[in-house]
Structure formats: C-alpha cells, structure tokens
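S.K.: Protein sequence lines correspond, in order, to chains S and F. Numbering-wise (my numbering), the first sequence opens with residue 3 and increments by one. Numbering-wise (my numbering), the second sequence opens with residue 113 and increments by one. Sharing a structure below in structure tokens format, with a few things to ask.
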Amino acid sequence: DTEVTQTPKHLVMGMTNKKSLKCEQHMGHRAMYWYKQKAKKPPELMFVYSYEKLSINESVPSRFSPECPNSSLLNLHLHALQPEDSALYLCASSQGISGPKGETQYFGPGTRLLVL
Amino acid sequence: AQTVTQSQPEMSVQEAETVTLSCTYDTSESDYYLFWYKQPPSRQMILVIRQEAYKQQNATENRFSVNFQKAAKSFSLKISDSQLGDAAMYFCAYRSADFGNEKLTFGTGTRLTIIP
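Okay, here's the thing in structure tokens:
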C-alpha cells in the first residue's frame with residue numbers, strides 16, 4: 003500500500019488566520035516532504051524531513067512552519083498568508099533509505115488552499 | 113544544478129494508439145534516478161515508472177515503457193494502447209542517487225489528451 007493521506011482537501015482562510023495542514027502515512031517511511039504546486043506548474047519543494055528532523059528548507063517564508071511530531075505525521079502550520087500563497091499543497095513520503103525503491107516519493111492527494 | 117526539460121507542453125493521441133512523451137535532463141552526476149509521474153485532473157500525483165541510471169535495460173510497467181539514453185541524457189515515456197484514463201499531466205523528474213540529497217527536480221510537464 004502506497005497511501006499518503008492529507009487533510010483537509012480544501013481550505014479557505016483569511017490573511018490573519020492561523021490554520022494547519024496535515025499529512026499522514028503508515029508505510030513506515032522515514033522521509034516526508036511538503037510541496038507547493040501552482041496551476042499548470044510542476045510541484046516546488048518546500049521542506050524535507052528525514053527521520054523526523056528537518057533536512058531541507060528551500061528558503062520558505064516563515065509564515066509557513068513545518069512540524070513532524072512523529073515518523074507518520076507531518077504538519078504545515080500557516081499564519082499570515084498572502085493571496086499569492088493560494089495553491090495546491092502536496093505531501094509526499096519515501097522510505098528514506100538508499101536505493102531506487104527507498105528514494106521513490108509517493109504523493110498524497112493534496113490540500114487546495116485559497117487565501118482571501 | 114540539475115535541470116529537466118519537457119519540450120511538449122501538450123500532446124494528444126487517439127484511443128488505443130501509441131504516444132511518446134519526451135524528456136531531457138542535464139546533470140554532471142553519473143548515478144541518479146529518473147521518474148515519470150502522472151497527475152490526472154483529480155490531482156493526485158501517481159508514480160508511473162522509475163529508471164536507475166546504472167541500469168542499461170529500459171524500465172517497463174505494463175503499457176508504459178521508457179527509452180533511456182544516458183549519453184544523450186534523454187528519458188522518453190512510451191504509452192501503448194492509450195486509454196481514456198491515461199489523460200493527465202505527465203511530469204518527468206530527476207533525483208540524485210546521493211543518499212541525503214532528497215530533492216526531486218521536475219520538468220514543466222506535458223498535458224496528454226486521449227481522443228476517443
């Protein structure tokens with residue numbers, strides 16, 4: 003089973019709101035990723051967690067705050083977002099071990115975020 | 113830095129026919145992985161096929177196969193017996209084989225339409 007789940011599916015928030023996106027996997031994967039995808043564009047990497055430690059931050063603004071409470075769960079906390087942050091936010095996971103299968107990323111269905 | 117180029121923004125094919133999507137990449141590394149992902153209008157990114165650079169044999173998965181030309185840095189995807197469910201955006205992606213270098217570099221995508 004290669005299932006990554008994300009909640010909520012849709013989110014509308016104002017620029018002063020605080021909200022969180024949640025991602026979960028039960029495949030025993032040890033690497034988890036957040037991507038941002040604008041319409042008709044490829045995903046852009048935001049953060050990588052490897053063995054519950056933040057290993058990559060692609061210079062993402064501090065209004066996005068990732069959290070990895072345990073190896074199965076990844077959150078993205080949102081605060082004071084701008085309308086240009088409206089996008090599809092994708093979560094992915096991989097085994098986190100060396101080798102082609104270990105490093106293949108599996109994606110969740112995404113959260114469609116609209117910032118008003 | 114690695115780059116991935118998909119020169120065909122849109123392609124169409126008659127149902128049951130064969131179509132080939134092109135992808136080229138640029139890297140100075142000798143060991144890496146290449147992927148094709150499919151993103152249907154329902155938006156979940158699905159792994160189609162994976163190729164290890166050190167393997168000369170082209171990967172196949174049912175109706176999907178690749179033509180991997182390492183010297184030419186080319187990685188095309190062939191879809192045989194096209195079906196309506198194949199309609200999607202297809203992304204080519206590159207990943208270094210260096211363990212810990214988790215970044216996936218995507219091409220700009222090819223939107224595939226299946227004509228009934």
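Backbone N, C-alpha and C fix where the C-beta goes; we use that ideal spot for every residue, glycine too. As the structure is a computational prediction, the values presented were derived from the model and not from experiment.
Near S:M15, what residues of its chain come up, given a Cβ to Cβ distance below 8 Å and the 5 sequence neighbours on each side ignored?
M.R.: K21, L80, L83, L115, L116, V117 and L118
S.K.: With burial defined as no fewer than 16 other Cβ atoms inside 10 Å of the residue's Cβ, what is the status of S:E105: buried or exposed?
M.R.: buried
S.K.: Using Cβ-Cβ distances below 8 Å, what residues of the region 130-158 of chain F are close to chain S?
M.R.: Y145, F147, Y149, S154, R155, Q156, M157 and I158
S.K.: Could you name the residues that DSSP lists as bridge partners for F:Y166?
M.R.: In the DSSP output, where bridge partners are listed per residue, F:Y166 has none listed.
S.K.: Any beta carbon of chain F sitting closer than 7 Å to that of S:V6?
M.R.: no
S.K.: Where do the ends of the beta strand (DSSP E) carrying F:C204 lie?
M.R.: A200 to S208
S.K.: Hey, S:V50 and S:A33 are a contact pair by Cβ (cut 8 Å); roughly how many whole angstroms apart?
M.R.: 7 Å
S.K.: F:I191: buried (16+ other C-beta within 10 angstroms of its C-beta) or exposed?
M.R.: buried
S.K.: To which residues does DSSP link S:L118 through a beta bridge?
M.R.: DSSP output for S:L118 lists no bridge partner at all.
S.K.: Which residues bound the beta strand (DSSP E) around S:C25?
M.R.: Counting along the chain, S:C25 sits inside the beta strand (DSSP E) bounded by residues K20 to Q27.
S.K.: Sort out for me which residues DSSP pairs S:M34 with in a bridge.
M.R.: S:Y51 and S:S95
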